[in-house]
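Since the structure comes first, as structure tokens, the remarks are kept for the end.
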Amino acid sequence: MSAGSAAPPLIEHGAVFQARKGEITQAPTRGQIFLDRAFRRTCFVFASLTIVVVTFIVLRIAFAAAPAMRHYGTGFLSGRVWDPNTERYGILAEIWGTLYTSILALILGTAFGLAAAIFLSEGYLGQAVFNLLKGSRLHLKPFWGNLPDQVEMLLKNLIELLAAIPSVVYGLWGLFVVIPLIRPVCNWLHLKLGWISLFSTDLSGPGVLPAVIVLSIMIMPTVTAISRDALVAVPPKLRMAAYGLGATRWEALLAVILPTAARGIFGGVILALGRALGETMALAMLVGNSNQIQLSLFSPANTLAALLANNFPEAGTREISVLMYAALVLLGITFVVNLLGVVIIQRASLAHAE
Amino acid sequence: MTLLRRSTLLLLSFALLLGLIACTGKADQAPEVKLQGAGASFPAPLYNRWFKEYASAHQNILVDYQSVGSGNGVKSVLDHTVDFGASDAAMKPEDMSKVQGGVQLFPMTAGSIVLAYNLKGVDSLKLSRKAYVGIFLGKVKRWNDSAVAAANPGVSLPDLPINIVVRADGSGTSFVFSKHLSAVSDEFNKGVGANTMPNWPVGTKSKGNEGVTASVMTTPGSIGYIEYGYAKTQNVPFAALENKSGKYVTASTASGQAALASVTLPEDLIAWASDPEAPEAYPIVTYTWLICYKKYSDKNKQQALRELIHYALTDGQKQAESLGYIPLPDTVVAKASAAVDNITAE
Amino acid sequence: MATLNIAASGKGTIQNPFADLDFPQLERSLRRPRTLVDFALNILVAGMTIAALVPLFSVVFLLAWRGGHKLSLAVFTELPPAPLEQGGGFGNAIVGTLVIVGLAVLISVPIGLLTAIYISQDKGGRVAQIVRFSAKILTGFPSILAGVFAYGAIVLATGGYSSIAGAVALSILMLPTIILTSEEAIRMVPARMREAAFGMGATQTQTIWMVLLPTALPGILTGVMLAVARAAGETAPLLFTALFSNYWLWSHGRAELMRPTASLAVLIYNFAGMPFPNQVELAWAAALVLVLLVLAANLIGQGLSRRQIQQP
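Chains as they are written, first to last, in the working numbering: chain A, 1 to 354; chain B, 1001 to 1346; chain C, 2001 to 2312.
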């Protein structure tokens, strides 16, 4: 706020402050205030629209599921048989399958995704390329000088490319490449270590493990892309401060950078979990579609989304209501999982603040 | 360049690209009529073949068909979102009554369901009724079981467990196969029954005909039920089955037509050959139907549809065999052609 | 004191303050545990990243091996072949995918971005919390349900399958990703930039448009690209909404958006399961084209958002 020198006229903006036209600091004009209010209202409208859309979707599904809910009640959730002929339906096996595959895939996908994000954000590859170029003294030339950045970008794009592969293709890849590849290993594990409940059956084709492997590959790019953005957004001065105190790269990462980026990383994990819970096509081909509840990694299982995918096309009008009930249960599971996530964040931020 | 300018340039080039791609395609003369169909996946290859040939012969009629499953096909017909539907399981009377003005079903083609197997060194396999019903009920568990061996003297069957492959998704193929099993076995009828998604007591599940074929081909000692076309084009060995007369018949055009001939089509053109009696008949054969409305508000569509069905029933039948389907017997063609007159314009 | 000569200009010499420091002392020996742990973790992370890339190469190799030889100009300009027919292409499916995904982006990006702007500014407010939670619930929505919902909402209402219904189904799947990533991206903009803008007298809207959004653009773009990549490859929603078509989108010189439209995802689904080798190979080729299309979109997006000045 300057007390004006000569030429520009003083503009009064009520009692707030004085400014001169053309100065850097200026209060907003009436038009700008109007636009501001209008835009904020528009944003509010769209945000409410989002809520309305989600509520509408949930209500529609609930409405379609109502007849089945009345007929089957909560026995639906504990039943294990799915028989359209005798009209006995139960989705306990599917609930188990959904949770089992999603949690395992989440662990695997987050581990690899976070590793890739750290690799990208720390710039190992760029460093290596730079050192190579320095060796042949090309690192200051115009074209070669850009190479480290471009290689980093290439790697980032390659990992995001994993997200571009259609889920049908993942299903086919799983059937033709993954299952034949892991079959000898799995059967050997079953032979030697079959007493461990995780290996208690043999792999006769689709099953939990192939599904988990492919699912974790599908959710990995989400975790990597979002975590990388979060890691890169950590202020450089935090990094420099840690190094200045004598930390090694990993000490800085684990103690300073990862905790700072934790919120963003967690957001990515939530999105990945959502994707894992709702993945339809690939799992319909790979999970084995069998109503079993077993801890064994090699046994076939079934998930709610795969159940929907397999049964919807041929479902008669009665069965559709039952399938909608199953869909509602899946939304309920997502709801509970996200609720848990919110609670975890709140607990963690409280602990952090102490 | 600013973001705005870059974005505008991008949008313009995008629009140009789309225009180029569209214009380098086949030049469409103004199409008069577009027909949209959806339904069963079993006849989809044949229908696609027919409709493409028909469209190239008649430049102003474009027909599209997408396989979404028999159930979805019926649903689309009920919702009036398509011009015609298709179903392997025909249409239930309660569904037919829901359509204002009524529907007319036409049997378009027929197909057999075969039991493909994977046994090294066994070139031809005969399965008696007792054997294949027992296998799918889970009672016959090994290949060298007496039920299987009895019909195959001189063939050395390995001591392998039978790996049964069934469908994971609901389908007309499962419906027809389970319907046949229910017709020949009381135990199956009471225990499992005929359904698009039967609750099989045994078996690993695979998605789609192609999934079952792939599973059978890659796992030794497997047996699974697939459509004849798949077995023929992929060269998968399949078993000769014992029919009602006690003879062992392999699936082929002749045995399929013999099965169809043993059933007379009633007025509504829906009939099932769940257990044909003729000695040369293959036991698992089914028609597949096209579902049309009886009344169309668009006269052009109605006209085009009638011509299309006539084409399918006459010239179209010549292509059925090469794709693995059974050409319709002449009596059926005559009855269906007569029924085309039931499609009227409002 | 050693001196460093700066040649040419002859402006004199600079004293090198580090000359008597022994640089090798600054390197750490691997025998120290902290360095060892650091080294091991570096190797682990590099190994895991390579392991993560192996499936990508495996899938792309599978696509290229099975469908690569089918790639030719015909693929872009011809219509899908009938069974037992040779040749053919899927030009209409490519156009269809571009149109449907393009429409989905037009629907979901404005809604998602404006919602994200609202909740990032409102942070703790009631409405913002509900919106965030609703978006999170929507992340677990199975793709087939999006199709069923759009069938009930659009297809039944308009009386037929259309690419617009397909776009609506896809935008339901894209919306949560765009909202949640954009919100995170905007929140990650350092507070001091926002405060500086306010200090200069900017309204909230001006701050958002001139400071926050440009800075958050890479993060927003990541979210949009992830959403687009997923939507382009989804089959189940399109089977209920846009169905498929064996003909071009254009007719009478106008684009027919209200008719069933071909798409690469449905083409792959249709052809991969057929017992005819020509179709199966085309399915693999289509998958390869789809992946390349998304890569192209990614690169174009990054090219658009590249800033002339590096972000400090």
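Ideal Cβ placement from N, Cα and C applies to all residues, glycine included.
Short CB-CB distance (under 7 Å) between residue i and chain B
i          : result
Asn338(A)  : no
Met153(A)  : no
Asn187(A)  : no
Leu2103(C) : no
Met285(A)  : yes
Pro84(A)   : yes
Asn146(A)  : no
Asn289(A)  : yes
Leu2156(C) : yes
Tyr2247(C) : yes
Gly31(A)   : no
Chain C within 7 Å of residue i, Cβ atoms only
i          : result
Arg1129(B) : no
Arg80(A)   : no
Gln1066(B) : yes
Leu1011(B) : no
Leu1260(B) : no
Leu258(A)  : no
Thr50(A)   : yes
Thr1218(B) : no
Pro1045(B) : yes
Beta-carbon proximity list for residue i, same chain, < 8 Å, skipping 5 on both sides
i          : result
Thr2241(C) : Gly2147, Ala2150, Tyr2151, Ile2154, Val2155, Tyr2161, Ser2162, Ala2165, Gly2166, Val2168, Ala2169
Leu1305(B) : Leu1035, Asp1083, Phe1084, Cys1292, Tyr1296, Ile1343
Ala305(A)  : Thr98, Leu277, Gly278, Glu279, Thr280, Leu283, Ala284, Leu330
Contact set for residue i: own chain, Cβ-Cβ below 7 Å, skip 5 residues either direction
i          : result
Val2280(C) : Phe2271, Ala2272, Met2274
Ala1336(B) : Phe1106, Pro1107, Leu1269, Leu1313
Phe76(A)   : Tyr89, Gly90, Ile91, Tyr325
Tyr170(A)  : Val214, Met218, Ala282
Leu253(A)  : Ile118
Leu323(A)  : Leu308, Asn311, Phe312, Ala315
Reduced DSSP category for residue i - H, G, I as helix; E, B as strand; rest coil
i          : result
Gly1111(B) : strand
Lys1299(B) : helix
Leu209(A)  : helix
Leu307(A)  : helix
Asp1315(B) : coil
Tyr2161(C) : coil
Thr25(A)   : coil
Asp83(A)   : strand
Ala301(A)  : strand
Ile2111(C) : helix
Val342(A)  : helix
Ile61(A)   : helix
Gln356(A)  : Here chain A comprises residues numbered 1 to 354, so residue 356(A) is not present and cannot be evaluated.
Ile1414(B) : Within the shown structure, residues of chain B are numbered from 1001 to 1346, placing residue 1414(B) beyond reach of any answer.
Residues near residue i by beta carbon distance below 6 Å, same chain, minus five either side
i          : result
Ala2202(C) : none
Leu2071(C) : Ala2285
CB contact check: residue i to chain A, cutoff 7 Å
i          : result
Asn1235(B) : no
Thr2215(C) : no
Gly1170(B) : yes
Glu2195(C) : no
Gly1193(B) : yes
According to DSSP, residues forming a beta bridge with residue i
i          : result
Asn1163(B) : Ser1222(B)
Thr1288(B) : Thr1109(B)
Lys1126(B) : Ala1240(B)
Thr1344(B) : Lys1295(B)
Gly288(A)  : Ala301(A)
beta-carbon residue i near the ligand FAD non-hydrogen atom, thresh 6 Å
i          : result
Gly1121(B) : Ligands are entirely absent from the displayed structure, and the ligand FAD is therefore not among its contents.
Chain-ordered residues of the region 309-325 of chain A with a beta carbon less than 7 Å from chain D: Any reference to chain D falls outside this structure, whose protein chains are A, B and C.
Give, in chain order, every unbroken run of the beta strand (DSSP E) that is at least 3 residues long and sits entirely within the region 1196-1240 of chain B. 1204-1206, 1222-1227
Uninterrupted beta strand (DSSP E) stretches inside the region 168-247 of chain A (no shorter than 3 residues): If we require 3 residues or more, the region 168-247 of chain A turns out to have no beta strand (DSSP E) run fully inside it.
For the region 1025-1095 of chain B, list the alpha helix (DSSP H) runs that are entirely contained and at least 4 residues long, ordered along the chain. 1044-1057, 1070-1079
Could I get the ranges of all uninterrupted alpha helix (DSSP H) runs contained in the region 2131-2195 of chain C, with 4 residues as the minimum, in chain order? The region 2131-2195 of chain C contains these whole alpha helix (DSSP H) runs: 2143-2150, 2163-2187.
Can you list the alpha helix (DSSP H) stretches of 4 or more residues lying completely in the region 24-59 of chain A, in chain order? For secondary structure counted as the alpha helix (DSSP H) over 4 or more consecutive residues, the region 24-59 of chain A holds no complete run.
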